[in-house]
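Single-structure report; data block below.
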Amino acid sequence: MKKKMILGLVFSLVVLLAASAVQADDEYVCGDYASDLPIIIEEVEIDGTEVVYDEDNSLSLERGQDIDVKVKMSATEDVDNVELMAYISGYEHSDVEPISDTTAVFDMDANVTYIKKLQLSLPSRADEDTYKLRLVIADRSGDECTPNYLIKVDVPRHDVQIRDVVFSPDGSVQAGRALLATVRVKNTGEKDEDSIKVKVEIPSLDVSATDFIDELESDDTTTSEELFMRIPDCAKPGTYEVKVTVEFNEGEDAIRKTEVIEVTEGDVCPIKAEVEGRITVTVGGEAQTIEAGGAGAAYPVAITNSGTGSRTFSLGVEGVSNWGTARMSPSNVMNVAGGETKTAFVFVTANSGAADGERLFVLSIKDASGDTLQDITLKADVMGGSAGSIVSLSNARRVLEIGLIALVVILVIVGLIIAFRRMRGPEGEESQTYY
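Each residue of the sequence shown is one higher than the one before, counting from 1 in the numbering used here.
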C-alpha cells in the first residue's frame, strides 16, 4: 500500500515538473540571456496569435497591414524607467519608413504582471521574406533584453496601391478652366489585374472623370490616361477635396486616396447685369382742373423697372387733406417685375365749398425699405361747383377723357424710353421722371 502511495506521489510530481518545464520553455527570462534585468517575458501575441521566441515555425503576415503586438511581462524585483520597443529590421526603406513602435517609460513592481501593447505597420513595399520581430526591453543603465520572434511577410493575392496623383495645373486651378489628373498605380498583389477602374472626383463641385487600365501584371507600375475635369465657371474660390478611387479584382476591392486642390476666382463667370437697374417714373397730367364737390381728376403714374429683379414700390400723397381727398387705384403698392412697366392712378377730388384756386400737392414714391425714391409735385386747379349736376356730369366726362389721353401718352413715352435705352445699352441705376 505504501509503495502505491509513493508511486502516485512520484508520478504527480513528475507531471507537475513537466508542466512547469513546458511553461518555462514558453517564457523568456532576461537573466538567462546576458541581461541583468530581473524581467520575465511570459507571453507574446502577434495579431492575437501566441508566438514563441526563436521558434523555427514563423507566423505569416500580409504586407500593407497593421500588426498588433501584445507583451505579457513581470519582474522578480522592482525595476524603474523601463522601456519596451518592437521593431523589424532589414526593410529597404526603413530610413524613411521604419517598422517600429515604442511604449512610454514605465516602472515595474516585483511579482506584478504587466500587459503592454504596440502596433507596427508592414509597408506594402516590404519584400516577401522571413523577418524577425525583435523586442528590446531596457532601463536606463542595465543590459537590454532582446527576444526575437520569426514572422513571414507574405504578398496579398489581390492588392493595388496608389503611388502618386499628379495635377495639371499643379496646386491651384482657375474656375472655368480644366483640371487634368493622372494617377500612378502599382500591382503589389500576387495576381495580375485586369480592367482596373480609376476615378477622380471633386464631390463639392459635382465633377468627375474615369479611366480604365486594361491590364497590370504583378509587381508592375503604370500611369492612367489624363483625366479631364472642367471646373465650373462660377465655382467659389477655396480649397476642395479631390477623391481618388481605384477599383480592382473585378470591382471587389478598392483603395482610396484624398488630395486637395485650390480653386481661384475665374474670369468667365457670367455677370448678372443690372440686378437693380434704372427706375423710370412717368406722370401724366401734371396740372388738372377739379370741380369742388365733383368727380375729381385722375393722375396716371407709370413705373418702369429696367433691371432684372422684381421691385416693390409704394405711393403716397401729401397736401390734399385740407381741401380734398386722394386715393390710389388699383392699389398704393406696386410690384414691378424686371423689364416691366406698371401703371396706377391717383384720384383727387375737391371738397364741396373748397375755395377756387390752384392747389399743389406731393406724390411720394418709396421702395420696399421705405426709402423715398422720388417726390413729384402735382397741381390741381379747383373751381366752384355752382353749375349744378349737368356741369358735374360734363366735368366727369372731361376727366375721363383727359385720363385716357394721358394714359396713351404715357405708354408712347415709355415705349420710346425702352427703345432708346436698348439702343444705348445698360447704365447704372438711377430714377428718372417724365411728365
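Heads up, the beta-carbon is just placed ideally off N, CA and C, and yes, glycines get one too.
What you are looking at is a predicted structure, and each value in this text was computed from that prediction instead of being measured.
What do you get for residue i, buried or exposed, if any count of 16 or more other CB atoms within 10 angstroms of its CB means buried?
| i | result |
| --- | --- |
| residue 234 | exposed |
| residue 115 | exposed |
| residue 305 | buried |
| residue 157 | exposed |
| residue 139 | buried |
| residue 193 | buried |
| residue 145 | buried |
| residue 242 | buried |
| residue 380 | buried |
| residue 437 | Past the boundaries of the shown model lies residue 437; the chain is included only from 1 to 435, so the question cannot be answered. |
| residue 325 | exposed |
| residue 341 | buried |
| residue 429 | Confidence at residue 429 is low in this model, with a pLDDT of 45, below 50, so the placement of that residue should be treated as unreliable; the coordinate-derived value is given next. Its Cβ having fewer than 16 others within 10 Å, residue 429 is exposed. |
| residue 110 | exposed |
| residue 339 | exposed |
| residue 330 | exposed |
| residue 188 | buried |
Using CA atoms only, rank isn't needed, just tell me which of the options is closest to residue i.
| i | options | result |
| --- | --- | --- |
| residue 30 | 136, 316, 65 and 50 | 136 |
| residue 184 | 175, 198 and 176 | 198 |
| residue 160 | 360, 377, 247 and 134 | 247 |
| residue 105 | 82, 314 and 375 | 82 |
| residue 141 | 262, 35, 196 and 226 | 35 |
| residue 91 | 268, 125 and 214 | 125 |
| residue 75 | 108, 46 and 56 | 108 |
| residue 228 | 208, 212, 40 and 239 | 208 |
| residue 173 | 379, 238, 283 and 366 | 238 |
| residue 101 | 260, 134 and 112 | 134 |
| residue 128 | 117, 303 and 219 | 219 |
| residue 79 | 143, 171 and 65 | 143 |
| residue 203 | 316, 363, 261 and 170 | 261 |
| residue 287 | 189, 280 and 298 | 298 |
| residue 284 | 315, 180 and 346 | 346 |
| residue 47 | 327, 322 and 117 | 117 |
| residue 225 | 281, 211 and 269 | 211 |
| residue 328 | 315, 322 and 338 | 315 |
| residue 258 | 240, 281 and 375 | 240 |
| residue 322 | 170, 382, 63 and 171 | 382 |
| residue 53 | 37, 33 and 65 | 33 |
| residue 150 | 317, 281, 55 and 338 | 55 |
| residue 113 | 279, 147, 77 and 366 | 77 |
| residue 191 | 236, 155, 205 and 64 | 155 |
| residue 57 | 357, 182 and 148 | 148 |
Quick check on residue i - is its C-beta less than 8 Å from some C-beta in chain D?
| i | result |
| --- | --- |
| residue 268 | No chain D is present in this structure, which holds just one protein chain. |
Report back the beta-carbon spacing between residue i and residue j to the nearest angstrom; my notes put them in contact at under 8 Å.
| i | j | result |
| --- | --- | --- |
| residue 186 | residue 61 | Rounded, the Cβ-Cβ distance is 20 Å, inconsistent with contact. |
| residue 43 | residue 50 | 6 Å |
| residue 28 | residue 88 | Contact flag wrong, Cβ pair sits at about 18 Å. |
| residue 263 | residue 231 | 6 Å |
Indicate whether residue i and residue j have their beta-carbon atoms separated by less than 8 Å.
| i | j | result |
| --- | --- | --- |
| residue 178 | residue 265 | no |
| residue 222 | residue 216 | yes |
| residue 355 | residue 301 | no |
| residue 361 | residue 296 | no |
| residue 73 | residue 39 | yes |
| residue 268 | residue 256 | no |
| residue 281 | residue 303 | yes |
| residue 214 | residue 195 | yes |
- Message: Within 8 Å, do at least three Cβ pairs link the stretch 95–105 to the stretch 117–132?
- Response: Counting C-beta pairs closer than 8 Å gives three or more between the stretch 117–132 and the stretch 95–105, which meets the contact rule.
- Message: I'd like to know if the stretch 369–387 and the stretch 330–339 are in contact, where contact means that at least 3 CB-CB pairs between them fall below 8 Å.
- Response: The stretch 369–387 vs the stretch 330–339: no contact.
- Are the stretch 247–256 and the stretch 303–317 in contact at 8 Å, needing three or more beta carbon pairs? No, the stretch 247–256 does not touch the stretch 303–317.
- Task: Flag this pair as touching only if the stretch 162–170 and the stretch 64–79 have three or more C-beta atom pairs under 8 Å; answer yes or no.
- Result: Output reads no: the stretch 64–79 does not touch the stretch 162–170.
- the stretch 288–304 / the stretch 348–368 touching (three or more Cβ pairs under 8 Å): Result yes; three or more Cβ-Cβ pairs closer than 8 Å.
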